[in-house]
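Below: one structure, written as structure tokens.
2 protein chains.
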Amino acid sequence: MKTTIKDVAKLANVSISTISRVMNSPEIVAPEKRQRVLEAIEQLRYHPNALARGLIFKKTKTIGVLVPDVSNAYYAEAIRGMEDAAREMGHNIILSNTDKNKKRLGDSLQVMAEKRVDGLIFMSEPVSSEDYELLRATGLPLVLAATHSLEYDIPSIKVNDEQAAYDGAVYLIGQGHRRIAMISGRPADTVAGLPRLQGFLRALRDAGLELDVERCVAYGDYRFEHGYEAMKRLHRSYPELTAVFAMSDEMGLGALSYLHEVGVKIPAEVSVLGFDNTRMASMAIPPLTTVGQPIARIGYGAVQKLLKVLDGEACELRTELAHELVVRDSVIALISQQ
Amino acid sequence: MKTTIKDVAKLANVSISTISRVMNSPEIVAPEKRQRVLEAIEQLRYHPNALARGLIFKKTKTIGVLVPDVSNAYYAEAIRGMEDAAREMGHNIILSNTDKNKKRLGDSLQVMAEKRVDGLIFMSEPVSSEDYELLRATGLPLVLAATHSLEYDIPSIKVNDEQAAYDGAVYLIGQGHRRIAMISGRPADTVAGLPRLQGFLRALRDAGLELDVERCVAYGDYRFEHGYEAMKRLHRSYPELTAVFAMSDEMGLGALSYLHEVGVKIPAEVSVLGFDNTRMASMAIPPLTTVGQPIARIGYGAVQKLLKVLDGEACELRTELAHELVVRDSVIALISQQ
DNA sequence: CTGAAAGCGCTTACAG
DNA sequence: CTGAAAGCGCTTACAG
């Protein structure tokens with residue numbers, strides 16, 4: 017069916033060894049012969065079978081990517097970065113959605129192990145001990161993207177979540193806000209939820225601001241609907257707030273929607289600050305000011321890092337990428353208070 | 017390194033043939049032996065090497081997916097559907113972003129051919145003749161998702177774009193709108209741009225409405241910024257409009273943003289209708305009424321279809337999935353005109 | 001410089 | 001029921 021090395025050998029009238037040589041170390045074969053082989057390859061549109069090569073080299077140049085859900089804007093953008101890096105390094109990506117479900121994760125891992133991917137990138141919230149066991153059982157090199165592990169020594173790449181939330185809160189305070197509420201991730205999420213909450217609280221403390229966590233913090237799982245509900249709750253429990261810091265753009269948009277619904281002007285009456293800087297932040301009304309993560313670069317960096325460990329190169333265990341405040345129109349300066 | 021069939025054979029004290037048999041047709045091997053082998057497999061956590069099997073079966077159970085850009089919400093959702101279907105059928109997906117760039121497409125295709133993916137799914141706007149040549153040169157089975165080809169007989173799955181646009185326009189008209197503008201895709205895009213424009217025009221014609229295409233239709237490439245600019249243009253060229261039909265949710269959001277900026281109330285003064293029903297439609301302010309495509313199901317159906325052609329099963333050439341009007345809050349009924 | 005041979009990890013007729 | 005052998009498509013020492 018597909019043309020094989022034998023077909024080329026026959027056409028060029030040499031042994032298959034020679035064909036293999038012109039493909040792998042051309043300089044070692046006689047010029048005229050090399051030329052003849054090249055022509056045969058061209059003529060037959062010969063493409064070496066990567067399965068056969070993989071069997072020999074024990075490398076497939078493909079990496080397995082595990083994310084909760086591609087259809088989420090954040091993960092989609094990270095995957096874009098991964099594919100770009102993979103492509104540049106001559107690799108491919110096999111994508112798997114885990115839905116944060118052990119069974120799905122286990123199944124994917126099993127198949128990836130059988131297909132002999134060179135390594136794994138795991139992207140999600142905290143690496144639970146079950147996740148870790150599953151991951152480790154494959155024996156495959158692993159890099160964490162947008163998450164990390166404090167219990168296990170797994171290379172990872174992410175933003176400094178505590179500091180990012182701190183900086184976001186400081187910005188709000190600098191704009192004159194004193195009554196600030198937070199739409200937080202779950203404190204049980206020790207990778208993003210808890211540290212961001214801590215960063216937020218540290219900023220308020222440093223500014224000498226009091227804050228009743230019960231009244232001023234609502235929780236959600238980073239999704240639009242949660243942001244909407246959380247905002248509704250805060251609007252009642254903390255009606256005097258002048259600013260809300262949401263820990264994802266989606267939750268920020270949810271807050272925007274709720275406030276708009278009840279007729280609160282943004283940012284005139286309430287300022288909203290988001291987190292992530294996904295593309296939707298700029299599509300909000302008003303365009304959402306947000307603490308930006310370099311999402312695609314996290315993905316890009318994750319595969320770079322994985323390829324380094326595959327090459328046995330040294331690399332730092334936990335890479336930290338810089339976040340950046342992206343100022344748009346959803347936060348207003350409270351001049352009156354200055 | 018990795019444990020192989022030989023290790024298992026040694027441990028179970030049988031030949032490798034027997035190991036292979038218990039993995040592929042267990043009923044054919046003696047019960048006690050089978051048991052012994054199963055234990056050895058378990059104990060060594062043996063996973064057969066998919067490369068070796070692929071070499072023999074000439075099947076890799078992986079399919080290559082080519083999309084313009086995963087980070088686009090529409091494609092991300094389709095990919096989700098594809099992965100779900102692939103997983104259910106025991107397949108994997110190798111993802112590649114083409115950026116609608118011949119070079120990238122060619123490179124991806126080359127690698128996918130070498131890795132011997134079982135088939136290809138191509139998702140994008142029209143299949144150009146160069147695209148087609150590239151695709152065909154791989155010799156791999158192909159299915160088109162959210163696009164089709166009228167020149168070539170390639171199995172495809174999509175919505176009826178002309179009818180969907182027609183139905184959207186009819187809805188607007190039914191709500192009492194008479195002065196309707198359109199933010200269209202490019203007419204050069206013969207898969208979505210042109211047919212939707214035609215469907216829109218047909219609806220107005222059927223309703224006996226006059227429309228000056230020059231003044232009332234603006235064009236864009238489905239992105240937010242284009243929707244924004246197009247709306248700005250329409251606002252000047254056709255100030256008396258009461259409704260705008262945007263051919264993507266992103267462009268709809270762009271229109272919303274522009275109108276909000278210039279103080280036009282939505283939907284009180286202008287109604288906006290989107291297309292696609294991506295998740296962001298529900299996150300808009302106001303929530304966007306839109307002509308919905310079953311995006312994930314298009315992806316799901318595309319791999320189902322591909323697997324059918326791989327199995328040599330018969331399947332229709334062009335599958336059409338139903339669209340559906342999703343009513344939210346961005347379109348108002350013009351009572352006064354009824 | 002080049003061919004024959006062994007081997008990568010599996011499967012499957014072919015003989016027993 | 002089961003083992004030895006050939007073969008999937010390649011690569012690479014090993015001899016010339």
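Protein sequence lines, in the order shown, are assigned to chains A and B. If you're matching positions, the first sequence starts at 17 in our numbering and goes up one per residue. If you're matching positions, the second sequence starts at 17 in our numbering and goes up one per residue. From the three backbone atoms N, C-alpha and C, an ideal C-beta is built for every residue, glycine too. No experiment lies behind these values; they were computed from the predicted model shown.
Could you name the residues of the same chain whose beta carbon sits closer than 6 Å to that of residue i, not counting the 5 residues immediately before and after it, in chain order?
{"i": "Arg-166 of chain B", "result": "It is Leu, not Arg, that sits at residue 166 of chain B in the sequence shown. Taken in chain order, the list of residues that qualify is empty."}
{"i": "Glu-99 of chain B", "result": "Ile-109"}
{"i": "Gln-353 of chain A", "result": "The predicted position of Gln-353 of chain A is uncertain, since its pLDDT is 45 and thus under 50; a value taken from the coordinates is nonetheless stated next. If we look at Gln-353 of chain A and ignore the five residues flanking it on each side, its Cβ neighbours are Gly-192."}
{"i": "Ser-172 of chain B", "result": "Leu-160, His-164 and Arg-334"}
{"i": "Leu-210 of chain A", "result": "Pro-203"}
{"i": "His-251 of chain B", "result": "none"}
Please identify the residue among the options whose C-alpha is closest to the C-alpha of residue i.
{"i": "Lys-174 of chain B", "options": "B:Asp-123, B:Lys-321 and B:Pro-255", "result": "B:Lys-321"}
{"i": "Glu-266 of chain B", "options": "B:Ala-161, B:Thr-294, B:Ala-162 and B:Pro-211", "result": "B:Thr-294"}
{"i": "Val-233 of chain A", "options": "A:Thr-258, A:Gly-201 and A:Ala-197", "result": "A:Ala-197"}
{"i": "Gly-106 of chain A", "options": "B:Met-128, B:Ala-259, B:Ala-102 and B:Glu-48", "result": "B:Met-128"}
{"i": "Val-53 of chain A", "options": "A:Ala-68, A:Leu-67, A:Phe-73 and A:Ile-32", "result": "A:Ile-32"}
{"i": "Lys-18 of chain A", "options": "A:Pro-64, A:Met-39 and A:Gln-51", "result": "A:Pro-64"}
{"i": "Pro-303 of chain B", "options": "A:Gln-309, A:Val-347, A:His-276 and A:Ile-72", "result": "A:His-276"}
{"i": "Phe-291 of chain A", "options": "A:Gln-309, A:Ile-282 and A:Ala-338", "result": "A:Gln-309"}
{"i": "Tyr-244 of chain B", "options": "B:Leu-227, B:Leu-269, B:Lys-116 and B:Asp-228", "result": "B:Leu-269"}
{"i": "Gln-214 of chain A", "options": "A:Gln-179, A:Val-343, A:Ser-140 and A:Ile-189", "result": "A:Gln-179"}
{"i": "Lys-281 of chain A", "options": "A:Val-325, A:Asp-345 and A:Pro-42", "result": "A:Asp-345"}
{"i": "Ile-189 of chain A", "options": "A:Val-319, A:Glu-332 and A:Leu-289", "result": "A:Leu-289"}
{"i": "Asp-115 of chain B", "options": "B:Ala-101, B:Val-86, B:Val-38 and B:Ala-338", "result": "B:Val-86"}
{"i": "Ser-253 of chain B", "options": "B:Pro-84, B:Glu-230, B:Tyr-238 and B:His-242", "result": "B:Glu-230"}
{"i": "Val-81 of chain B", "options": "B:Ala-92, B:Ile-72, B:Phe-73 and B:Lys-74", "result": "B:Ala-92"}
{"i": "Glu-141 of chain A", "options": "A:Ile-21, A:Leu-225 and A:Pro-84", "result": "A:Pro-84"}
{"i": "Arg-212 of chain A", "options": "A:Arg-239, A:Asp-183 and A:Asp-222", "result": "A:Asp-183"}
{"i": "Val-343 of chain A", "options": "A:Val-307, A:Lys-324 and A:Val-319", "result": "A:Val-307"}
{"i": "Ile-137 of chain A", "options": "A:Glu-332, A:Leu-323 and A:Cys-331", "result": "A:Leu-323"}
{"i": "Leu-60 of chain A", "options": "A:Ala-66, A:Ile-21, A:Met-39 and A:Leu-67", "result": "A:Ile-21"}
{"i": "Ala-102 of chain B", "options": "B:Val-319, B:Cys-331 and B:Leu-326", "result": "B:Val-319"}
{"i": "Gly-155 of chain B", "options": "B:Leu-125, B:Glu-285 and B:Glu-332", "result": "B:Leu-125"}
In three-state terms, what does DSSP make of residue i?
{"i": "Asp-123 of chain B", "result": "helix"}
{"i": "Lys-74 of chain B", "result": "coil"}
{"i": "Gln-353 of chain A", "result": "With a pLDDT of only 45 at Gln-353 of chain A, under 50, the local geometry of the prediction cannot be trusted, and the value read off the model is given with reservation. Here Gln-353 of chain A sits in helix by DSSP."}
{"i": "Gly-135 of chain A", "result": "strand"}
{"i": "Gly-243 of chain B", "result": "helix"}
{"i": "Ile-79 of chain A", "result": "strand"}
{"i": "Leu-227 of chain B", "result": "coil"}
{"i": "Glu-340 of chain A", "result": "strand"}
{"i": "Tyr-235 of chain B", "result": "strand"}
{"i": "Gly-334 of chain B", "result": "The residue asked about is misnamed: residue 334 of chain B is Arg in this sequence, not Gly. Three-state DSSP puts Arg-334 of chain B in a strand."}
{"i": "Ile-189 of chain B", "result": "helix"}
{"i": "Ala-162 of chain B", "result": "coil"}
{"i": "Asn-40 of chain B", "result": "helix"}
{"i": "Lys-26 of chain A", "result": "helix"}
{"i": "Leu-257 of chain A", "result": "coil"}
{"i": "Ala-89 of chain B", "result": "helix"}
{"i": "Ile-32 of chain B", "result": "helix"}
{"i": "Ile-170 of chain A", "result": "coil"}
Tell me which same chain residues have a C-beta within less than 7 Å of the C-beta of residue i, skipping the five on either side of it?
{"i": "Gly-70 of chain B", "result": "Thr-76 and Arg-132"}
{"i": "Leu-350 of chain A", "result": "Gln-191, Gly-192, His-193 and Thr-258"}
{"i": "Pro-42 of chain B", "result": "Arg-50"}
{"i": "Asp-205 of chain B", "result": "Glu-141 and Pro-142"}
{"i": "Ala-223 of chain B", "result": "Ile-189"}
Are the CB atoms of residue j and residue i within a distance shorter than 7 Å?
{"i": "Leu-272 of chain B", "j": "Ala-300 of chain B", "result": "yes"}
{"i": "Leu-150 of chain B", "j": "Gly-122 of chain B", "result": "yes"}
{"i": "Val-260 of chain B", "j": "Ala-219 of chain B", "result": "no"}
{"i": "Ile-314 of chain B", "j": "Ala-89 of chain B", "result": "no"}
{"i": "Ile-35 of chain B", "j": "Val-24 of chain B", "result": "yes"}
{"i": "Met-296 of chain A", "j": "Met-296 of chain B", "result": "yes"}
{"i": "Ile-348 of chain B", "j": "Ser-298 of chain B", "result": "no"}
{"i": "Asn-176 of chain B", "j": "Glu-340 of chain B", "result": "no"}
{"i": "Ala-56 of chain A", "j": "Ile-311 of chain A", "result": "no"}
{"i": "Tyr-274 of chain A", "j": "Gly-97 of chain A", "result": "no"}
Got a sec? Which residues, its chain only, sit under 8 Å from residue i by beta carbon, not counting five neighbours each side?
{"i": "Lys-118 of chain B", "result": "Glu-146, Asp-147 and Leu-150"}
{"i": "Thr-78 of chain B", "result": "His-107, Asn-108, Ile-109, Ile-110, Lys-131, Val-133 and Asp-134"}
{"i": "Arg-249 of chain A", "result": "Ala-234"}
{"i": "Ser-200 of chain A", "result": "Gly-209, Arg-212, Leu-213, Phe-216, Val-233, Ala-234, Tyr-235, Gly-236 and Met-263"}
Mind listing, in chain order, the continuous beta strand (DSSP E) runs of no fewer than 3 residues lying wholly within the region 266–325 of chain B? 287–292 and 305–308
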